[in-house]
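Take 0 as the starting number for the sequence shown in numbering that gives the first Met the number 0 and just add one per residue. This report refers to the structure that appears directly beneath it.
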Amino acid sequence: MKKNTLLSPATAGTCSLLAPVENVAHGIISRAVLTTPALRLTLFHFAAGQELSEHTSKARALVQVLSGTCQFTVGADRHTLRTGDLLHLPPGAPHSLTTAEPFSMLLTQVTELAAGE
């Protein structure tokens, strides 16, 4: 069973990260791609003018831009991310995002497991 993700952690599989998304004219749509105890991949689609306020995560994160452009702030540093760019966020790094145009990204979060897990 996939548990509402695009891929099952128990079997090999494929999915399209670039498939058209319905109803993204307003707001933000997210979809779980794959979830395991140590790894989470989430696909995000943002309508123009959307933002995520500053927050942190305990997980290490990689942001891969699939389409569009955004302003991504990490601490005091502001980055313009474009299609094909990859951004690394260490655990606990405060970050936020704004976009003036439609924007899609794949977020990969890795939770470092304690010894014995």
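Quick reminder that beta carbons are idealized off the backbone N, C-alpha and C, glycines included. Small disclaimer: the values here were computed from a predicted structure and weren't measured.
Rounded separation between residue i and residue j - CA only
i, j, result
"Gly12", "Thr41", "16 Å"
"Pro36", "Thr110", "8 Å"
"Lys1", "Pro93", "Its pLDDT being 43, under 50, Lys1 is placed unreliably in this model, and the value from its coordinates should be taken loosely. Straight-line Cα distance between these residues: approximately 31 Å."
"Gly48", "Pro8", "34 Å"
"His87", "Thr10", "28 Å"
"Val73", "Glu53", "9 Å"
"Asp76", "Lys57", "19 Å"
"Gln70", "Leu112", "31 Å"
"Asn3", "Val20", "17 Å"
Any chain B beta carbon closer than 8 Å to residue i
i, result
"Leu42", "As a matter of chain content, chain B is missing from the structure shown, which is built from one protein chain."
Distance between beta carbons of residue j and residue i, contact taken as under 8 Å
i, j, result
"Ala46", "Pro101", "6 Å"
"Leu85", "Leu61", "6 Å"
"Leu16", "Leu65", "6 Å"
"Gly67", "Thr107", "At roughly 18 Å, the Cβ-Cβ gap does not stay under 8 Å, so Gly67 and Thr107 are not in contact."
"Gly91", "Thr34", "Their Cβ separation, rounded to whole angstroms, is 21 Å, which puts Gly91 and Thr34 out of contact at 8 Å."
"Ser103", "His44", "5 Å"
Enclosing beta strand (DSSP E) for residue i [first to last residue]
i, result
"Ala60", "Arg59 to Ser66"
"Leu86", "Leu85 to Leu88"
"Leu112", "Element bounds for Leu112: n/a, residue is neither H nor E."
"Leu136", "Look at the range of the chain in this structure, 0 to 116, and you will see that residue 136 is not part of it."
"Glu53", "Glu50 to His54"
Practice prompt. Would you check if there are 3 or more beta carbon pairs closer than 8 Å linking the region 21-40 to the region 78-94?
Written response: no
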